[in-house]
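A.B. asks: In the order they appear, the protein sequences are chains E, D, R and P. The opening residue of the first sequence carries number 0 in numbering that gives the first Met the number 0; numbering runs sequentially from there. The opening residue of the second sequence carries number 0 in numbering that gives the first Met the number 0; numbering runs sequentially from there. The opening residue of the third sequence carries number 0 in numbering that gives the first Met the number 0; numbering runs sequentially from there. The opening residue of the fourth sequence carries number 0 in numbering that gives the first Met the number 0; numbering runs sequentially from there.
There are 4 protein chains.
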Amino acid sequence: MKQLKTPLVVLNFKTYIEATGKNAVRLAEMCSDVSRDAGITIIAVPQPSDIRPVAETGIPVFAQHIDGASAGGSTGHVLAEAVRDAGAIGTLINHSERRLTLAEIDAAIQAARRTGIATIVCSNNIATTKAAAALKPDFVAIEPPELIGTGIPVSTADPGIVSGAVDAALGIDPDVPVLCGAGISKGEDMAAALKLGAEGVLLASGIVRAPDPKAALMDLVSGI
Amino acid sequence: MKQLKTPLVVLNFKTYIEATGKNAVRLAEMCSDVSRDAGITIIAVPQPSDIRPVAETGIPVFAQHIDGASAGGSTGHVLAEAVRDAGAIGTLINHSERRLTLAEIDAAIQAARRTGIATIVCSNNIATTKAAAALKPDFVAIEPPELIGTGIPVSTADPGIVSGAVDAALGIDPDVPVLCGAGISKGEDMAAALKLGAEGVLLASGIVRAPDPKAALMDLVSGI
Amino acid sequence: MKQLKTPLVVLNFKTYIEATGKNAVRLAEMCSDVSRDAGITIIAVPQPSDIRPVAETGIPVFAQHIDGASAGGSTGHVLAEAVRDAGAIGTLINHSERRLTLAEIDAAIQAARRTGIATIVCSNNIATTKAAAALKPDFVAIEPPELIGTGIPVSTADPGIVSGAVDAALGIDPDVPVLCGAGISKGEDMAAALKLGAEGVLLASGIVRAPDPKAALMDLVSGI
Amino acid sequence: MKQLKTPLVVLNFKTYIEATGKNAVRLAEMCSDVSRDAGITIIAVPQPSDIRPVAETGIPVFAQHIDGASAGGSTGHVLAEAVRDAGAIGTLINHSERRLTLAEIDAAIQAARRTGIATIVCSNNIATTKAAAALKPDFVAIEPPELIGTGIPVSTADPGIVSGAVDAALGIDPDVPVLCGAGISKGEDMAAALKLGAEGVLLASGIVRAPDPKAALMDLVSGI
Chain E
0 MKQLKTPLVV LNFKTYIEAT GKNAVRLAEM CSDVSRDAGI TIIAVPQPSD IRPVAETGIP
60 VFAQHIDGAS AGGSTGHVLA EAVRDAGAIG TLINHSERRL TLAEIDAAIQ AARRTGIATI
120 VCSNNIATTK AAAALKPDFV AIEPPELIGT GIPVSTADPG IVSGAVDAAL GIDPDVPVLC
180 GAGISKGEDM AAALKLGAEG VLLASGIVRA PDPKAALMDL VSGI
Chain D
0 MKQLKTPLVV LNFKTYIEAT GKNAVRLAEM CSDVSRDAGI TIIAVPQPSD IRPVAETGIP
60 VFAQHIDGAS AGGSTGHVLA EAVRDAGAIG TLINHSERRL TLAEIDAAIQ AARRTGIATI
120 VCSNNIATTK AAAALKPDFV AIEPPELIGT GIPVSTADPG IVSGAVDAAL GIDPDVPVLC
180 GAGISKGEDM AAALKLGAEG VLLASGIVRA PDPKAALMDL VSGI
Chain R
0 MKQLKTPLVV LNFKTYIEAT GKNAVRLAEM CSDVSRDAGI TIIAVPQPSD IRPVAETGIP
60 VFAQHIDGAS AGGSTGHVLA EAVRDAGAIG TLINHSERRL TLAEIDAAIQ AARRTGIATI
120 VCSNNIATTK AAAALKPDFV AIEPPELIGT GIPVSTADPG IVSGAVDAAL GIDPDVPVLC
180 GAGISKGEDM AAALKLGAEG VLLASGIVRA PDPKAALMDL VSGI
Chain P
0 MKQLKTPLVV LNFKTYIEAT GKNAVRLAEM CSDVSRDAGI TIIAVPQPSD IRPVAETGIP
60 VFAQHIDGAS AGGSTGHVLA EAVRDAGAIG TLINHSERRL TLAEIDAAIQ AARRTGIATI
120 VCSNNIATTK AAAALKPDFV AIEPPELIGT GIPVSTADPG IVSGAVDAAL GIDPDVPVLC
180 GAGISKGEDM AAALKLGAEG VLLASGIVRA PDPKAALMDL VSGI
């Protein structure tokens, strides 16, 4: 992860049709443009079947999920080696829409390390941020579930949870930076997040479904 | 599915390293060669991140799994539209290594229909074959879990379960053909399966991990 | 199940505090009274830790869930033998709040048969009602998830799904009667359900959380 | 938990028929006898439907599992309030046979705190022991899955994992004591565990399935 300059903007494509297939490539190209112009690291997080063409646009790509499963009899699971070979340099783990058991989170982090890809473990509150930090991922991303997809930005609606998560992770392991997500879409949300100690943001619908995603993304990065 | 000529050979790439990334493409090309030479339909079932390059070889591709999730907030899930756009013309559902709830199986079949891709629902015994057939997928594939990966072919070790599944599906819906799997790798296993009323086979390690996969696949299709 | 006279009123205590511990016993005693006075079979479905004292009231008791797990290393799972020994004579399986994989539903039905307890498999639509009926449980209970807990009775709001489920189950196996649930609480909902071919109802909050549960239950059974 | 004198012997009844229903009560009475004679705290961990009669024997009882679910619409889940009312004074959480997501473990701990019952969170290695300790349960119990049910005692076969877990938990929170389990059955295993810094053991088949469970339990506590 040393090569990823913080602050990070991590754009989760989720399963939005606006971010699937050809749309995923188009969205990635737009992210590339904004990233270059603004000098900010933007990471695209497409569905697994879109990792390859999105990675070909040159943008850094993370998978949305990997399983800790080792190679072999794991039909329908996502192997770290497979997403790495397709071009991913990292992965989300334990997103609120794809929760894993504690043992699976640990196994997924180990699988990512084994294949040399970076990890962002998602958490839902301060206690689980601590637990996630104890597993030594590259980042923890806190997203209060009640704010996801609401458009109410966590960094202004609940600043205490962001700074609390930053302090909590620091108390467990000073080398685990914290991202924050949920409701983030504007430059002021981004600025507030960084001020609270976050080293980046995780976002989705606020950009993917914006009437003008490029303008929305440019507004976002203006907050840095 | 009208365009898929039975009997079918469905080759599940699982998460074998021998069937991931470049190896997946190489394996698919080999399948294409055998399919053309033998005039037999062979379907490749790679991991989602490999669907695109495998489909570009021209072989028919199925996904290993889709979720019933509709588009949107389903991070880490597999959208029918996404695998279709990547080139899949069908999907396994409820493989023994990726079991789904009954409601999810039904939702996944509906998602597949909505996007025009074919479905093979996996079952583990005669009772669940009936239940699967009642959902009207394009195929049911029975695989007794205790034989998967053993090299003991279901079609000769437990012929009653294959013919029983064929009869059971027929009793529920005469339009739902049955495939069988578990331990299948040789021409004689294939021949036995067809004789028992199966319209094809689902297999994996017997080919993928064979010392000479092409020879193994040629032996298999010789049983038709 | 021969001893259970239809129509059935199946009262799911869920995890309501009003139906936990001493409250569960009190609610069961009230159900017993109404059952005796009205001559209608009312089944209590308490949490597993309350099966024993609720069964001691003399009311027929079903568990909310069993696992298909056989005896032994299944910590935290619910064994058919354990709930039977505690006094349950049957169990719900695959309730919408506790969905199981298809293989687990089948295993749970087998475990129930092995121990001589009755089964009600829950389904969410007509397709899954067919699939559930194919597994030959004692009853299928259809509950459209979008109506659960709304107070909008399925039997009047969506009569087609009830009669459709009855016909669908009949088409698969004429010996599998259908119950219906979701939003049921009044005598007229009950009457409508029976008129549509259901052989009983599955209900919860409409009685458990009623200001006067006894009056609510008496109103319900007046619809028979 | 202040009332529970360490070292603890935590006996998981699992779903063994030898520890279900009347057998559970008999086993608990035997535990009570040994506990009284030896002056050692022995905790019984029966299935939920057996909590009530087992608690009536006077032995301290823990549940095998609780869900974080709050009261209401959680059919088939295990409510902290329900097991507390039945007589449990604590609960296992995240046993290797009943893994939970990280968010669920946290929610279950919160539910236990809310109802005043104690928590033992199970972990499978040193990393997940740290994560579990970060959630501040009353105890963490490390059980390497590969040794569970083997009869090979973790405390002598892999002493480093026990002392490593003790140190790891201490590094996160000095107030979270560590238990160890897997393969424990003899006094020497117990003695080895305590010497490595564990404050007790979690065990099951070594006692439950012993030809003479009482003799086995007496041998075990002789190691203290």
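Cβ coordinates follow ideal geometry from the N, Cα and C atoms, glycine included. Only a predicted model underlies this, so the values are computations on that prediction, with no experimental measurement involved.
By the 9 Å beta-carbon criterion, what residues does the region 124-142 of chain E contribute toward chain D?
C.D. replies: Answer in chain order: no residues at all.
A.B. asks: Please report the distance separating the alpha-carbon of residue 44/E from that of residue 21/D.
C.D. replies: Along the first sequence, one-based indexing puts residue 44/E at 45. Along the second sequence, one-based indexing puts residue 21/D at 22. Looking at the two C-alpha atoms, the distance is approximately 22 Å.
A.B. asks: Can you tell me which of the three DSSP states residue 153/R falls into?
C.D. replies: To locate residue 153/R, count along the third sequence from 1; it is residue 154. Correct three-state label for residue 153/R: helix.
A.B. asks: Would you kindly check if the distance between the Cβ of residue 4/D and the Cβ of residue 203/D is under 8 Å?
C.D. replies: Residue 203/D sits at position 204 when you count from the first residue of the second sequence. Residue 4/D sits at position 5 when you count from the first residue of the second sequence. No, they are not a contact pair.
A.B. asks: Please work out which residues of its chain come closer than 6 Å, Cβ to Cβ, to residue 114/E, disregarding the five sequence neighbours upstream and downstream, and give them in chain order.
C.D. replies: The residue given as residue 114/E occupies position 115 in the first sequence. Result list for residue 114/E: 79, 80, 83, in chain order.
A.B. asks: From residue 190/R to residue 10/R, what does the alpha carbon distance come to, in whole angstroms?
C.D. replies: By 1-based counting over the third sequence, the position of residue 190/R is 191. By 1-based counting over the third sequence, the position of residue 10/R is 11. Rounded to whole angstroms, residue 190/R to residue 10/R spans 17 Å at the Cα level.
A.B. asks: Taking only beta-carbon atoms, is residue 78/R less than 8 Å away from chain P?
C.D. replies: Residue 78/R sits at position 79 when you count from the first residue of the third sequence. Yes, its Cβ sits closer than 8 Å to a Cβ of chain P.
A.B. asks: Which residues bound the alpha helix (DSSP H) around residue 104/E?
C.D. replies: Position 105 of the first sequence, counted from the first residue, corresponds to residue 104/E. Start and end: 101-114.
A.B. asks: Starting from the beta carbon of residue 100/P, find every residue of chain E whose beta carbon is closer than 8 Å, and list them in chain order.
C.D. replies: The residue given as residue 100/P occupies position 101 in the fourth sequence. Neighbours of residue 100/P on chain E, chain order: 93, 98, 99, 100, 101.
A.B. asks: Would residue 171/P count as contacting chain E if we go by Cβ distances under 8 Å?
C.D. replies: Residue numbering aside, residue 171/P sits at position 172 when the fourth sequence is read from its first letter. Yes, contact with chain E.
A.B. asks: Output the boundary residues of the beta strand (DSSP E) element that contains residue 122/E.
C.D. replies: Within the first sequence, numbered from 1, the residue matching residue 122/E stands at position 123. Taken as a continuous stretch (DSSP letters only), the beta strand (DSSP E) holding residue 122/E covers 117-122.
A.B. asks: Just to confirm my understanding: we take residue 1/E, look at its own chain, exclude 5 residues before and 5 after, and list those with CB closer than 8 Å. What are they?
C.D. replies: Here residue 1/E is taken as the residue at index 2 of the first sequence, counted from 1. Residue confidence for residue 1/E is low, a pLDDT of 46 falling below 50, so the modelled location carries little weight; the figure read from the coordinates is stated next. Counting only Cβ-Cβ distances below 8 Å, and skipping sequence neighbours, we find nothing.
A.B. asks: Examine chain R for any beta-carbon lying closer than 8 Å to the beta-carbon of residue 41/D, and answer yes or no.
C.D. replies: Numbered from 1 along the second sequence, position 42 holds the residue referred to as residue 41/D. So no, residue 41/D is outside the interface.
A.B. asks: Establish whether the CB of residue 52/E and some CB of chain D are separated by less than 8 Å.
C.D. replies: Numbered from its first residue, the first sequence carries residue 52/E at position 53. It does; some Cβ of chain D falls within 8 Å.
A.B. asks: Hey, could you find the ends of the alpha helix (DSSP H) residue 130/R is sitting in?
C.D. replies: Here the question's residue 130/R lines up with position 131 in the third sequence. Taken as a continuous stretch (DSSP letters only), the alpha helix (DSSP H) holding residue 130/R covers 125-133.
A.B. asks: Any C-beta of chain P sitting closer than 8 Å to the C-beta of residue 188/E?
C.D. replies: By 1-based counting over the first sequence, the position of residue 188/E is 189. No, residue 188/E lies away from the interface with chain P (no Cβ there is under 8 Å from its Cβ).
A.B. asks: Against chain R, does residue 55/P count as a neighbour if the rule is that its beta carbon must be under 8 Å from one of theirs?
C.D. replies: As a first step, residue 55/P is located in the fourth sequence; it is residue number 56 there, counting from the start. False, the Cβ-Cβ gap to chain R never drops below 8 Å.
A.B. asks: So residue 60/E is in the beta strand (DSSP E); what residue range does that whole segment cover?
C.D. replies: By 1-based counting over the first sequence, the position of residue 60/E is 61. Careful: residue 60/E lies outside any beta strand (DSSP E) and carries neither H nor E.
A.B. asks: In chain R, which residues lie with their C-beta within 8 Å of the C-beta of residue 13/P?
C.D. replies: To locate residue 13/P, count along the fourth sequence from 1; it is residue 14. Here the neighbours are 71, 72, 73, 74.
A.B. asks: Count the other CB atoms within 10 Å of the CB of residue 212/P; is the residue buried (16 or more) or exposed (fewer)?
C.D. replies: Translated into positions along the fourth sequence, residue 212/P becomes position 213. So residue 212/P counts as buried.
A.B. asks: When the distance is taken between beta carbons, is residue 128/E closer than 8 Å to residue 147/E?
C.D. replies: In the first sequence, the residue the question calls residue 147/E occupies position 148. In the first sequence, the residue the question calls residue 128/E occupies position 129. Not in contact: residue 147/E and residue 128/E (Cβ atoms no closer than 8 Å).
A.B. asks: Compare the C-alpha of residue 49/D against each of 26/E, 30/E, 87/E and name the closest.
C.D. replies: Taking the second sequence and counting its residues from 1, the one referred to as residue 49/D is at position 50. Taking only the C-alpha atoms, the option nearest residue 49/D is 87/E.
A.B. asks: Identify whether residue 177/E lies in helix, strand or coil by the three-state DSSP scheme.
C.D. replies: Here residue 177/E is taken as the residue at index 178 of the first sequence, counted from 1. Looking at residue 177/E - three-state DSSP - the assignment turns out to be strand.
A.B. asks: Give a yes or no on whether 8 Å exceeds the smallest Cβ distance from residue 105/E to chain P.
C.D. replies: As a first step, residue 105/E is located in the first sequence; it is residue number 106 there, counting from the start. Chain P, which has a Cβ nearer than 8 Å to the Cβ of residue 105/E, makes this yes.
A.B. asks: Which word fits residue 107/E, buried or exposed, when buried means at least 16 other C-beta atoms lie within 10 angstroms of its C-beta?
C.D. replies: Position 108 of the first sequence, counted from the first residue, corresponds to residue 107/E. It counts as buried.
A.B. asks: Name the chain E residues that come within less than 7 Å of residue 48/D, Cβ to Cβ?
C.D. replies: Position 49 of the second sequence, counting from 1, holds the residue named residue 48/D. Correct list: 47, 48, 50, 51, 81, 82, 85.
A.B. asks: How many angstroms separate the CA atom of residue 153/E from the CA atom of residue 123/R?
C.D. replies: Reading the first sequence from its first residue, position 154 is the one you call residue 153/E. Reading the third sequence from its first residue, position 124 is the one you call residue 123/R. Their Cα atoms are separated by approximately 36 Å.
A.B. asks: Would you kindly report the start and end of the unbroken beta strand (DSSP E) that includes residue 43/R?
C.D. replies: For this step, residue 43/R is matched to residue 44 along the third sequence. Run containing residue 43/R: 40-44, per the beta strand (DSSP E) assignment.
A.B. asks: By the three-class DSSP mapping on this structure, what secondary structure does residue 24/D have?
C.D. replies: Residue 24/D sits at position 25 when you count from the first residue of the second sequence. Three-state DSSP puts residue 24/D in a helix.
A.B. asks: What three-state label does DSSP hand residue 50/E in the structure shown?
C.D. replies: Residue numbering aside, residue 50/E sits at position 51 when the first sequence is read from its first letter. Looking at residue 50/E - three-state DSSP - the assignment turns out to be helix.
A.B. asks: Where does residue 216/P fall in DSSP's three states?
C.D. replies: Your numbering for residue 216/P matches position 217 in the fourth sequence. The answer is helix: DSSP assigns residue 216/P an H, G or I state.
A.B. asks: Can you check which of these residues, 136/P, 26/P, 181/P, is closest to residue 56/P by C-alpha distance?
C.D. replies: Within the fourth sequence, the letter at position 57 stands for residue 56/P. The residue with the shortest Cα to Cα distance from residue 56/P is 26/P.
A.B. asks: Might you give, ordered along the chain, the residues of its own chain that have their beta carbon closer than 6 Å to the beta carbon of residue 136/P, omitting 5 neighbours on each side?
C.D. replies: Mapped onto the fourth sequence, residue 136/P falls at position 137. So the qualifying residues of the chain are 108, 118, 120.
A.B. asks: May I ask which residues mark the beginning and end of the alpha helix (DSSP H) holding residue 140/D?
C.D. replies: Start at 1 with the first residue of the second sequence, and residue 140/D comes out as number 141. Residue 140/D -> not in any alpha helix (DSSP H); beta strand (DSSP E) instead, spanning 138-141.
A.B. asks: Cβ of residue 19/R less than 8 Å from any chain P Cβ?
C.D. replies: By one-based count along the third sequence, residue 19/R stands at place 20. At least one chain P Cβ lies under 8 Å of residue 19/R.
A.B. asks: Verify the CB distance criterion: does residue 148/D have a CB-CB separation below 8 Å to chain E?
C.D. replies: Against the second sequence, residue 148/D aligns to sequence position 149. Closer than 8 Å: yes.
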